[in-house]
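Novice: Each residue of the sequence shown is one higher than the one before, starting from 15 at the first, in the working numbering.
Where is the CB? At the ideal position from N, CA and C, for every residue including glycine.
Given the structure is predicted, the values throughout are model-derived calculations rather than measurements.
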Amino acid sequence: MILAFGIGMAGVLAGIGLALVYVRAALERIQTKNRLVGVAANFMPLATALVVLGSGLIMSARSALQFASI
């Protein structure tokens, strides 16, 4: 079961990596034509990091509250 999980995880990560390569190429083509897309593309890493951080903080807080009520 662990082997299947590892193979599945590797496949998903490889697929995401390939998708990002194609999306990046498409964004670079669009970015040269539209300035707003360029600004949004530069802001996306920060926005993504904030979403991940916020989600982690919310899950941690909910877990801590649930643990405290036990």
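Rounded to whole angstroms, what's the CA-CA distance from Leu67 to Gly31? Just pull it up for me.
Specialist: Residue numbering aside, residue 67 sits at position 53 when the sequence shown is read from its first letter. Residue numbering aside, residue 31 sits at position 17 when the sequence shown is read from its first letter. Answer to the nearest angstrom: the Cα atoms are 21 Å apart.
Novice: What span of residues does the alpha helix (DSSP H) with Thr62 cover, start to end?
Specialist: The residue you call residue 62 lines up with position 48 of the sequence shown. It spans Arg49 to Ala82 - the alpha helix (DSSP H) in which Thr62 sits, taken as one unbroken run.
Novice: Going by DSSP, what residue range makes up the alpha helix (DSSP H) through Met23?
Specialist: Counting from 1 along the sequence shown, the entry for residue 23 is found at position 9. Segment Ile16 to Gln45, the alpha helix (DSSP H) holding Met23.
Novice: Please determine, among Met23, Gly20, Ala33 and Glu42, the residue with the shortest C-alpha to C-alpha distance to Ala55.
Specialist: As a working mapping, residue 55 is identified with position 41 in the sequence shown. Of the candidates Met23, Gly20, Ala33 and Glu42, the one whose C-alpha sits nearest the C-alpha of Ala55 is Glu42.
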